[in-house]
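Participant:
Chains as they are written, first to last, in the numbering used here: chain D, 1 to 327; chain L, 1001 to 1342.
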C-alpha cells in the first residue's frame, strides 16, 4: 500500500477515473494549466486534453448546470467548485435541478454528477475561504453528501461517488489536504456511500465526527485512554445518507453520545443525529446527547484569535469527552 | 389534399417545403391550439387544477419542430412550448395524461402540465425555474462535441424574460466559448406573466445581446411558420456541421393569460389583445395555404376534425386513467430502494 496525503489521494483517484472511463471529465475554475489551486489536477491538461479538463468561465451556476446536462446525456462529469464558499451561485442548480432530475422525470433521466469542493477552516481562510456548507444541502432529498477524512476513505468514496448513478456532493476538508497522510490500497478500491467507520472502539461514550475534527476527536480519545477512559470514535465519512445502523449500535453499547463538527451548531448535522438517536434509542441513553460545534456566527474571521475562537481545539474536545464519560 | 408541390403557389416562399410539409405545419398549429383550449376548458370544468397555453406561439413552434431532426437532435424546451414538443414526438395523450396527473404521465404525475419530459423523443426534463434548463442544454451540446457526434444539435428555447437570468448569460457564453452545436431560440412574446419587455431589458431586439458573446443572432417573424422553419433550420444545420451556436429570436404575441391562474386584464388592454387577432398565426396561415391552393376548405375541415378527434380521444383516455398512486411518491428519489422516513 502506498502512503500518501489527502491531496494525492484525490489526485490519484481522479486520475484513475479519467484513465479508466472515457465518459469522465473534470470542469471548474483553474483546473487546467494551473492544475487547480491546490495542484490536485496538475498535469491532467497535458495528459487528458482540454476537452476533458475544462477551465470553465468564472461562473459557478453553469459549472454545475452544464455538468448536469452532460450527466443527463450520459457523461460522468466531475465538477469542481474552487472553494465551498463559492457554491452559493450554484445552489439552484444543485438543489432545484440535480437533486430532482431523476424524480421529476420519473426515472427517465438521471444525473450521475460529482461536485467536489474544498471546505473548512483553520487555514486563515477568513469569511469566504473557510466555511462548511454541508448543512445547507443536508436537507435536500436526492442528493448524497460525502466528507471523508483519510486518504484511503477519500479513494474509496470518491471512486464510489464517480460511479454513483445519482448526484454526489464530495467535500474535502482543505486543512487535511497536506496534513493527513495514510496508507491507500492499490488498484480499484470502493467504499459504499452511507457507511460510517468506527475509527476506535470504546465502551464509555461515543463520539461522532467527520472531516478535520474526526482526526482531532480520535487524538483526544487516544489521550483519554491514558486516563483510563474508553471512548468509541465514529467518522461518519458519508453525511447523507446517514449511517443510522453504525451510530445506533455504538450508542446502545456506550449509552452516551457526543457529536463534534466544525459547522455551526444550529440546524447542523449534529441536530439530525441527535434527533434520530433520541427517537430511536432514548431509553438506551445514560446522558443527554451533546453537541460540540462551531458557534452561530456568520463565519470565522481572518484574525488569528477570531479563527481560533471559532475552531475547536483537541484539548476542548478532550475536556468535553471527559465530561460526557463522567456524566 | 394535394400530394405534390403546388405550382400555383406564388404568394409565399415555401423555402423548399413540400405540400405535405406545409400541411404538417398547419396540422401541428391546429393541434396545439386545440389541446391548449382543451386545457383551459378542463380547468374551467374543474377537472384539472391548472393549465397553461401557448396560443400565439403556434407558428414558430411548428416551424422549429419541423427543423428539428428526430432521433438525432435534443430539444430542451421551456413550459410554453406545446406545439414544439408535439412536433418532436410528445403525443396528445402524453399531454392529457400530464394535465390529469395520471400514472401514465411521462413524469409519473409529479410535474405541472407543460413541464415536458420524454427521453425517447430527445426531450429533456425541465423545471419551472426560469433559464435553469439552459446550462443543461449546453451540457448536452458539449457531450455531442466531446463524442464527435457531428450531425447532432441541441435546440433550446425560452421567453424573453429568461434573458434576464444569470444562467441565460452563462449558457450563451459557455456555448460560444466552446463553439457548441446548439441553437438558442427566444420566443419573444413581449411579456413575462405581466412584466413587459421594456422592464426586462433596455433593447428592442433580444438578438442585440448575441454579439456580446461572439455569437450570431438572427431574427424572424415568429407568426410565420415557414420563416421560422427556415431560420431555425439554417441555424441547426450550421450547428450540426461545426458552425457553432446561434441565437434566434422569433417574435410573437401571447393571446391568453399566462395560465389559468392569471387574469391578464389586470395588466393589459383586451382591446389590444383583440386587435392582435388580425395577425393570429393559425387563421393567417390557414388562409395562406387556402389562397395558394395547397389545401381547400374540405381539407381544412378534415384537418380540424382530425385534431379534434385526436384531442377528444386523448382526453377520454387520460380521464379514464387513474391518478399516479400515492405509493409512487417514494420512487425515483435515488436509484434502487430508498427509505424516505429514515
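Here a beta-carbon is modelled for each residue, glycine too, at the ideal position from N, C-alpha and C.
Could you confirm whether any beta carbon from chain D is found closer than 7 Å to the beta carbon of residue 1110 of chain L?
Facilitator: yes
Participant: For residue 1123 of chain L, which residues does DSSP report across the bridge?
Facilitator: Residue pairing by DSSP puts residue 1123 of chain L in a beta bridge opposite L/1075 and L/1118.
Participant: Report buried or exposed for residue 1326 of chain L, applying the criterion of at least 16 other Cβ atoms within 10 angstroms of its Cβ.
Facilitator: exposed
Participant: Indicate whether at least one CB of chain D lies closer than 7 Å to the CB of residue 1233 of chain L.
Facilitator: no
Participant: Against chain L, does residue 30 of chain D count as a neighbour if the rule is that its beta carbon must be under 7 Å from one of theirs?
Facilitator: It does not; no Cβ of chain L falls within 7 Å.
Participant: Name, please, each residue of chain D whose Cβ falls closer than 7 Å to the Cβ of residue 1040 of chain L.
Facilitator: Taking a Cβ-Cβ cut-off of 7 Å, residue 1040 of chain L has no neighbours in chain D, whose nearest Cβ is about 24 Å from it.
Participant: Using a Cβ cut-off of 7 Å (strictly closer), state whether residue 106 of chain D contacts chain L.
Facilitator: yes
Participant: Sorted by chain position, which residues of the same chain lie with C-beta nearer than 7 Å to residue 135 of chain D's C-beta, five sequence neighbours on each side aside?
Facilitator: 263, 267, 268 and 269
Participant: What in chain L is Cβ-close to residue 92 of chain D, meaning under 7 Å?
Facilitator: 1129 and 1132
Participant: Report yes if the C-beta of residue 1116 of chain L is less than 6 Å from at least one heavy atom of the ligand NAP; otherwise report no.
Facilitator: Among the ligands in the structure shown, none appear at all, so the ligand NAP cannot be discussed.
Participant: Less than 7 Å between CB atoms is the rule here; does residue 1135 of chain L satisfy it with respect to chain D?
Facilitator: With a threshold of 7 Å between beta carbons, residue 1135 of chain L makes contact with chain D.
Participant: Excluding sequence positions up to five away, which residues of its chain have a Cβ less than 8 Å from the Cβ of residue 1091 of chain L?
Facilitator: Cβ-Cβ distances below 8 Å link residue 1091 of chain L to 1314 in the same chain, with the five nearest sequence neighbours on each side left out; the list follows chain order.
Participant: Would you mind listing the alpha helix (DSSP H) stretches within the stretch 205-292 of chain D that are 4+ residues and don't spill past its ends, in chain order?
Facilitator: 212-225, 244-254 and 269-281
Participant: So with Cβ pairs under 7 Å, would you call residue 55 of chain D a contact of chain L?
Facilitator: no
Participant: If you draw a straight line from the alpha carbon of residue 107 of chain D to that of residue 1168 of chain L, how long is it in whole angstroms?
Facilitator: 27 Å
Participant: Could you work out which residues of chain L lie near residue 79 of chain D, taking near to mean beta carbons separated by less than 9 Å?
Facilitator: Near residue 79 of chain D there are no residues of chain L at all, since even the closest Cβ is about 10 Å away, more than 9 Å.
Participant: For residue 1117 of chain L, would you say it is in contact with chain D, using Cβ-to-Cβ distances shorter than 7 Å as the test?
Facilitator: yes
Participant: Could you compute how far the alpha carbon of residue 225 of chain D sits from the alpha carbon of residue 1103 of chain L?
Facilitator: So the two alpha carbons sit approximately 59 Å from each other.
Participant: How about residue 1140 of chain L and residue 1174 of chain L: are their beta carbons less than 7 Å apart?
Facilitator: no
Participant: For residue 1261 of chain L and residue 89 of chain D, I'd like the C-alpha separation in whole angstroms.
Facilitator: 31 Å
Participant: By the criterion of Cβ-Cβ separation under 8 Å, what are the contact partners of residue 1104 of chain L in chain D?
Facilitator: Under the 8 Å cutoff, chain D gives no residues; its nearest Cβ is about 10 Å from residue 1104 of chain L.
Participant: Could you tell me which chain L residues have their CB closer than 8 Å to the CB of residue 68 of chain D, listed as they occur along the chain?
Facilitator: 1135, 1136 and 1139
Participant: Can residue 1257 of chain L and residue 1264 of chain L be called in contact, C-beta distance under 7 Å?
Facilitator: Residue 1257 of chain L places its beta carbon less than 7 Å from that of residue 1264 of chain L.
Participant: Per DSSP, what are the beta-bridge partners of residue 53 of chain D in this structure?
Facilitator: D/26
Participant: From L/1284, L/1109 and L/1278, pick the residue whose C-alpha is nearest to that of residue 1331 of chain L; which is it?
Facilitator: L/1109
Participant: Return the first residue and the last residue of the alpha helix (DSSP H) that residue 1139 of chain L is part of.
Facilitator: 1134-1146
Participant: Between the Cα of residue 232 of chain D and those of D/325, D/96, D/313 and D/110, spot the shortest distance and give me the residue it belongs to.
Facilitator: D/325
Participant: Going by CA-CA distance only, name the one from L/1046, L/1239 and L/1044 that's closest to residue 1156 of chain L.
Facilitator: Measuring from the Cα of residue 1156 of chain L, the nearest candidate turns out to be L/1239.
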